[in-house]
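For the sequence shown, numbering that gives the first Met the number 0 gives the first residue as 0, with consecutive numbering after it.
To start, the structure under review is shown below, and the notes come after it.
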Amino acid sequence: MTTTRRTRVPQHRIAESVAAELRTRILGGEDDYTLPTQDQLVREFGVSYPSIREAIRILETEGLVTVRRGKVGGAEVHRPDRSSAAYHLGLALQGGRVTLGDLAGGLRMLEPICAAECARREDRAEEVVPVLRANIEKCTALVDDGVAFTQLAREFHDLLVAFTPNATVRHVVGSLVALWSAQEEAWAEALTRRGEYPTRDEAMTAVRTHRRIVDDIAAGRAGEAERHACAHLNATQALLLEHFDDGVVNAASPAARRAIHSSLPARH
């Protein structure tokens, strides 16, 4: 006579199963989705408290929740956005010793496509052009303030990507733009402190180029918008690479993290 031995499912496998279900709810649920309490999760899944805590730790390492300790503690849910995608992509690039020059080359290949796609939108005159022109006017008023000008000028590039109809392109290229913006804003702060920020005339050159790109978009000249965007990136990237000597992408520094996470995705 033989007996069947009951095998115990390892706690980490239980935790992974619970984490997988909660991850699906976070990613597929409403924006205001909140995680149930540990007591509620124990009752719902019929597992132990250690398994629930381990599941929450898994989600915490993925950046999907933040656990607050204390009397008013709990798990705060974070749905991934472009800034979190940019940060984790930046860490991967930094770990792979990818250089700023390589990042710049990727942007020159991909971002001009977004300008062309904006020019192909049938609703560009109502939805795209007014917002881009408003950004240019704000930039013009700040040409004597290096750091503020750089932040607004970089927002122009964010907007080109945000107005691109294809969601996959928006997320992928938007992450690269956010990474480059973080490097460029750090560059602007460093040069401003040293009194070496590019001149007012050079800032106005960027403004004029932005105007030309918007004129191309307004007229539906997709090829011209793409060409001018590529030439503009070549020129502005050269300034940063000249000062940073094609160093490795840096997403982990406090300044870079602030720049990436302060650049929230525009929704259009």
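We put the beta carbon where it would ideally sit given N, CA and C, even for glycine.
These figures come from a predicted structure and were not determined experimentally.
Anticipated Cβ contact below 8 angstroms, residue i with residue j, distance rounded
{"i": "D157", "j": "V128", "result": "At roughly 16 angstroms, the Cβ-Cβ gap does not stay under 8 angstroms, so D157 and V128 are not in contact."}
{"i": "Q93", "j": "A189", "result": "With a Cβ gap of about 19 angstroms, Q93 and A189 do not count as contacting."}
{"i": "V172", "j": "C117", "result": "Contact doesn't hold; Cβ gap of about 12 angstroms is too wide."}
{"i": "C55", "j": "V46", "result": "With the sequence shown as reference, residue 55 is identified as Ile, and Cys is not the correct amino acid for it. Contact doesn't hold; Cβ gap of about 12 angstroms is too wide."}
{"i": "A272", "j": "P79", "result": "No information on residue 272 is available, as it lies outside the stretch 0 to 267 that the chain covers here."}
{"i": "V213", "j": "R132", "result": "6 angstroms"}
{"i": "L314", "j": "L21", "result": "Any question about residue 314 goes unanswered here, given that the chain covers just 0 to 267."}
{"i": "T98", "j": "G246", "result": "7 angstroms"}
Inter-residue Cα distance where the pair is residue i and residue j
{"i": "Y196", "j": "A205", "result": "14 angstroms"}
{"i": "P49", "j": "V76", "result": "20 angstroms"}
{"i": "R256", "j": "A181", "result": "8 angstroms"}
{"i": "P253", "j": "R12", "result": "35 angstroms"}
{"i": "M0", "j": "Q39", "result": "For M0, the pLDDT reaches just 45, beneath the cut-off of 50, and the residue's location in the model is therefore unreliable, leaving the point undetermined."}
{"i": "H231", "j": "R207", "result": "10 angstroms"}
{"i": "A115", "j": "A124", "result": "14 angstroms"}
{"i": "W179", "j": "R67", "result": "32 angstroms"}
{"i": "C138", "j": "V41", "result": "54 angstroms"}
{"i": "E201", "j": "N165", "result": "33 angstroms"}
{"i": "A19", "j": "I259", "result": "28 angstroms"}
{"i": "R199", "j": "A161", "result": "28 angstroms"}
{"i": "A217", "j": "R153", "result": "20 angstroms"}
{"i": "R193", "j": "S174", "result": "29 angstroms"}
{"i": "A140", "j": "H209", "result": "14 angstroms"}
{"i": "R294", "j": "V130", "result": "Residue 294 lies beyond the stretch modelled for the chain, which goes from 0 to 267, so this question has no answer here."}
{"i": "A234", "j": "L240", "result": "10 angstroms"}
{"i": "A84", "j": "V168", "result": "13 angstroms"}
Segment limits, beta strand (DSSP E) that includes residue i
{"i": "R67", "result": "64-67"}
{"i": "A74", "result": "73-76"}
Extent of the continuous alpha helix (DSSP H) to which residue i belongs
{"i": "L240", "result": "221-243"}
{"i": "R193", "result": "No alpha helix (DSSP H) holds R193; DSSP gives it neither H nor E."}
{"i": "T149", "result": "145-161"}
{"i": "E125", "result": "123-126"}
{"i": "E59", "result": "48-60"}
{"i": "T204", "result": "199-218"}
Beta-bridge pairing of residue i - partner residues as DSSP gives them
{"i": "T36", "result": "Partner(s): none; T36 has no beta bridge."}
{"i": "V247", "result": "T98"}
The stretch 142-159 / the stretch 180-187 touching (three or more Cβ pairs under 8 angstroms): Flag = yes, the stretch 142-159 and the stretch 180-187 touch.
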